Amino acid sequence: MKTQRASSQEVFEDYILINSTKSPYSQSSANDAFEAALGASNIGVKVKFVFSGLAKYQLFTQQQANKINRKNMLKRLSSLPLFEVEDIYLLSSQSTDESIDAESMKITLIEPEAFKSLCLNASQVLVF
Amino acid sequence: MKTQRASSQEVFEDYILINSTKSPYSQSSANDAFEAALGASNIGVKVKFVFSGLAKYQLFTQQQANKINRKNMLKRLSSLPLFEVEDIYLLSSQSTDESIDAESMKITLIEPEAFKSLCLNASQVLVF
Amino acid sequence: MATDNTAFTLIVTKSPFDSRNAESALYFCKAAIAQGFAIEQVFFYQAGVQNASLLQQVNSDEFDVYQAWLELHEQQGVRLNVCTTAAGRRGIVSEECALNGNYNVNPPFEQVGLSDYFAALTSSKGVQF
Amino acid sequence: MATDNTAFTLIVTKSPFDSRNAESALYFCKAAIAQGFAIEQVFFYQAGVQNASLLQQVNSDEFDVYQAWLELHEQQGVRLNVCTTAAGRRGIVSEECALNGNYNVNPPFEQVGLSDYFAALTSSKGVQF
Amino acid sequence: MIIQLFSSQASKIDDYINAQTIVVLIQDGVYACKNILNQYPDCEIYALDRDWHAAGLETNIACQLLSDQEWVLLCSKHSPIISLQD
Amino acid sequence: MIIQLFSSQASKIDDYINAQTIVVLIQDGVYACKNILNQYPDCEIYALDRDWHAAGLETNIACQLLSDQEWVLLCSKHSPIISLQD
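Residue numbers (my numbering), protein chains in the order written: chain R, 1 to 128; chain S, 1 to 128; chain C, 1 to 129; chain P, 1 to 129; chain V, 1 to 86; chain Y, 1 to 86.
Given below as structure tokens:
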């Protein structure tokens with residue numbers, strides 16, 4: 001049984017799921033999730049990156065981080081594909097938001113059930 | 001108008017309200033609220049102490065803090081009257097709990113509206 | 001300009017990086033002073049004591065909270081008080097309290113007791129951060 | 001006793017006192033080792049880097065998290081790795097990285113990069129605290 | 001009385017708010033704005049201009065924005081000030 | 001898959017839980033027990049013995065308590081392990 005489960009998992013690519021759940025600036029979590037993704041990708045680990053909960057606010061196009069002496073989080077995030085983090089998802093919720101430009105960020109909207117599968121099939125899940 | 005408000009407040013005793021809102025052990029907040037009450041009372045400031053939200057769990061009589069290498073929070077709290085913190089309240093919620101022995105701790109159950117008045121009439125409110 | 005003589009006492013309970021509370025408190029202080037209000041003291045409690053660590057190393061292009069507290073003190077004389085008990089537990093230690101030569105708190109941050117904070121509240125208005 | 005050769009890598013993301021995560025992680029380590037599982041490393045990230053501060057002063061009747069980490073290392077050889085970037089920002093600095101003589105991290109806590117943690121995950125199971 | 005809400009959870013204010021309460025949204029509090037306006041349409045609700053714009057929220061909303069100086073002035077006029085955080 | 005819940009907010013697990021998920025309640029997670037049992041009656045739910053007793057909760061509840069060793073053993077057998085915190 002155990003072997004079977006292991007071998008059936010081999011058809012999936014091995015990946016780490018990094019789940020960002022906090023808003024862009026009130027804590028360091030958004031930044032820490034971002035840096036974790038770079039750190040993993042840096043040594044060749046496949047990363048899937050999912051925004052959920054308050055993390056959707058990291059993607060708001062109108063954010064003006066300079067008002068609070070920070071670097072724009074969305075700009076930092078948009079460098080993820082340069083570091084070979086290319087599977088980027090936003091957990092879709094009831095409230096679709098016009099303030100997010102998912103297309104230009106190449107972010108895939110993901111349904112709740114698909115997100116659960118993504119978690120289940122990850123070799124590791126980190127939540128920040 | 002301003003003078004009138006000030007003088008009408010004088011009929012109330014001047015007090016600081018310390019509102020404990022966290023569970024006994026998962027963070028230092030329960031302890032920090034307790035120590036703040038002692039610190040204020042120590043210099044003769046009148047303190048009213050209110051448990052709300054998860055802080056009700058600080059009052060559970062069956063807690064076994066030794067299981068996690070801590071000192072029993074309820075025992076520490078029961079020393080409040082010795083430090084002249086005598087007005088101790090528990091914000092009553094829908095779920096009345098048999099795990100709390102309000103009587104032996106001399107804790108007054110307070111209704112939501114009365115709690116709001118207690119906040120409004122405090123000279124300072126600290127939330128931990 | 002201030003139309004009354006309100007003075008404020010601030011209590012900061014969160015650490016930098018793990019919150020923006022120190023920054024909000026700094027904005028409050030500057031705007032208060034600009035309008036003629038006094039800041040009686042800033043008191044650091046709970047994880048807020050981390051603000052006092054001189055070991056914080058910030059990138060040159062990032063906002064330096066520690067430096068901003070120092071400037072607030074130097075330019076406006078605002079007292080920066082750290083709760084000794086809360087600080088010691090969290091590894092925030094002045095030269096006087098150092099056990100092995102190492103320390104991470106220098107003046108103008110001063111280690112005081114909670115009573116110092118509550119004494120300040122009797123003559124000023126408290127704002128929690 | 002362990003029926004397989006699972007090894008665990010722990011990541012601790014909260015500071016002592018402001019959470020009990022370090023303590024939960026320590027219980028996990030002890031129970032794992034008692035059953036023959038290996039702990040590949042404990043990695044301290046975010047506010048978890050505060051665990052590495054040698055300046056923490058705990059009352060003699062309180063649980064000493066710092067001491068417990070040292071014992072885990074001495075008795076079981078568990079590696080204690082601190083994310084350098086997360087640490088520097090928060091004033092957690094080893095002698096090598098000290099700018100002004102003061103520091104608060106000693107061995108066995110070692111400052112490493114995030115890559116060190118992710119490399120460990122390729123051969124062990126991650127548990128976040 | 002002023003409630004300073006630092007959290008995105010609007011429900012945090014329920015235990016404290018009364019008809020005369022002024023609410024000031026700070027940091028993540030700005031994300032609670034819509035919910036609070038819906039639930040407490042009669043309350044005086046402000047958000048810090050700085051935090052509102054940092055978040056990149058719409059400006060066509062029935063919540064007045066405060067400069068730092070306006071915020072301090074408001075705090076000087078009302079008492080007590082209650083800060084609610086996560 | 002295992003969810004380790006460190007928070008008293010039961011709703012934190014909603015985004016992650018599926019029919020095969022095992023839930024382990026840690027620290028403040030023990031306070032979420034009743035709500036989770038009500039909402040997910042078919043899930044396998046455990047609480048850390050140590051944290052449960054520290055909290056002083058009733059023991060006559062449909063949630064199995066784990067010793068530290070049982071907890072580790074459970075973690076060795078299931079993957080991935082997701083920790084949800086405040």
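C-beta atoms are modelled at their ideal positions from N, C-alpha and C, and glycine is treated no differently. Nothing here was measured: the structure is a model prediction, and the numbers come from that model.
Short Cβ contact (7 Å threshold) for residue i with residue j
i              : j              : result
A52 (chain C)  : D18 (chain P)  : no
G56 (chain V)  : Q58 (chain R)  : no
V50 (chain S)  : Y89 (chain S)  : yes
Y31 (chain V)  : I82 (chain V)  : no
L91 (chain S)  : S117 (chain S) : no
H73 (chain P)  : P16 (chain P)  : no
D32 (chain R)  : F115 (chain R) : no
S94 (chain P)  : Q67 (chain P)  : no
Y117 (chain C) : F44 (chain C)  : no
A47 (chain V)  : A65 (chain R)  : no
Interface flag, residue i vs chain C, CB-CB below 7 Å
i             : result
F60 (chain R) : no
Any chain Y beta carbon closer than 7 Å to residue i
i              : result
L91 (chain S)  : no
K22 (chain R)  : no
Y27 (chain P)  : yes
A65 (chain S)  : yes
M1 (chain R)   : At M1 (chain R), the pLDDT of 33 sits below 50, so the modelled position is not reliable; the number obtained from the coordinates is stated separately. No, its Cβ sits nowhere closer than 7 Å to a Cβ of chain Y.
A122 (chain R) : yes
V12 (chain P)  : no
K48 (chain R)  : no
Sequence-distant residues of its chain with Cβ nearer than 6 Å to residue i (five each side left out)
i             : result
R79 (chain P) : Q41
Q56 (chain P) : Y66
Cβ-based neighbour list, residue i, same chain, cut-off 8 Å, excluding 5 preceding and 5 following
i              : result
I16 (chain S)  : A40, V45, K46, V47, K48, A122, S123, Q124, V125 and L126
L121 (chain P) : T9
Q20 (chain V)  : M1
F129 (chain C) : L10, I11, V12, T13, K14, N21, A22, S24, A25, F28 and G48
F6 (chain V)   : I26, Q27, D28, G29, S83, L84, Q85 and D86
L114 (chain P) : Y45, C83 and T85
T108 (chain R) : D87, I88, Y89, L90 and A102
Chain P contact for residue i (CB, 7 Å cutoff)
i             : result
S28 (chain S) : yes
G91 (chain C) : yes
Q9 (chain S)  : Confidence at Q9 (chain S) is low in this model, with a pLDDT of 43, below 50, so its placement is unreliable and no value can be given for it.
G48 (chain C) : no
Any chain S beta carbon closer than 7 Å to residue i
i             : result
Y31 (chain V) : no
A62 (chain Y) : no
A54 (chain Y) : yes
C-beta neighbour in chain R for residue i, strict 7 Å
i              : result
A119 (chain P) : yes
P41 (chain Y)  : no
Y16 (chain Y)  : yes
Where residue i meets chain C, residues with beta-carbon distance less than 9 Å
i              : result
Q111 (chain P) : Near Q111 (chain P) there are no residues of chain C at all, since even the closest Cβ is about 12 Å away, more than 9 Å.
Per-residue contacts from residue i into chain P (C-beta, under 8 Å)
i             : result
G39 (chain R) : G113, L114, S115, Y117 and F118
Within chain V, partners of residue i - CB distance below 7 Å
i              : result
S24 (chain C)  : I26 and Q27
F115 (chain S) : D15
Proximal residues of chain Y, C-beta to C-beta of residue i below 7 Å
i            : result
D4 (chain P) : S76
Contact set between residue i and chain C, taken where Cβ atoms lie within less than 7 Å
i             : result
Q69 (chain V) : A31, A34 and Q35
Y25 (chain R) : R20
Cβ distance (whole Å) where residue i is taken to contact residue j below 8 Å
i             : j             : result
L10 (chain P) : F37 (chain P) : The pair is not a contact, with the Cβ atoms about 12 Å apart (cut-off 8 Å).
K67 (chain S) : R50 (chain Y) : 5 Å
C75 (chain V) : L37 (chain V) : At roughly 21 Å, the Cβ-Cβ gap does not stay under 8 Å, so C75 (chain V) and L37 (chain V) are not in contact.
K12 (chain Y) : L84 (chain Y) : 5 Å
N21 (chain C) : L54 (chain C) : In fact, because the Cβ distance is near 19 Å, the residues do not count as touching under 8 Å.
S93 (chain S) : F60 (chain S) : Going by Cβ atoms, the distance from S93 (chain S) to F60 (chain S) rounds to 14 Å, so no, they are not a contact pair.
A98 (chain C) : V72 (chain V) : At roughly 37 Å, the Cβ-Cβ gap does not stay under 8 Å, so A98 (chain C) and V72 (chain V) are not in contact.
V23 (chain V) : C43 (chain V) : 6 Å
Chain B contact for residue i (CB, 7 Å cutoff)
i             : result
N51 (chain P) : Protein chains in the displayed structure are R, S, C, P, V and Y, and chain B is not among them.
Per-residue contacts from residue i into chain S (C-beta, under 9 Å)
i              : result
F63 (chain P)  : I68, N69 and R70
G126 (chain C) : I16, S123, Q124, V125 and L126
Contacts of residue i in chain R (Cβ-Cβ under 7 Å)
i             : result
A10 (chain V) : Chain R residues near A10 (chain V): none, gap ~13 Å exceeds 7 Å.
Under 9 Å from the C-beta of residue i: neighbouring residues of chain R
i             : result
S83 (chain Y) : V125, L126 and V127
Contacts around residue i, its chain only, beta-carbon distance under 7 Å, and the 5 residues preceding and following it disregarded
i             : result
V49 (chain P) : V82, C83, A86, A87, R90 and I92
N18 (chain Y) : none
7 Å Cβ cut-off: residues of chain P touching residue i
i             : result
V72 (chain Y) : F28, A31, A32, Q35 and F37
Residue-chain proximity (residue i, chain V), Cβ-Cβ < 7 Å
i             : result
K56 (chain S) : no
S52 (chain S) : yes
Contact test: residue i Cβ vs the ligand SAH heavy atom, cutoff 6 Å
i             : result
G77 (chain P) : With respect to small molecules bound, the structure shown includes none, and the ligand SAH cannot be examined in it.
Chain C contact residues for residue i, given Cβ-Cβ distances below 8 Å
i             : result
S79 (chain V) : K125
Partners in chain V for residue i, counting only beta-carbon separations shorter than 8 Å
i              : result
P112 (chain S) : D15
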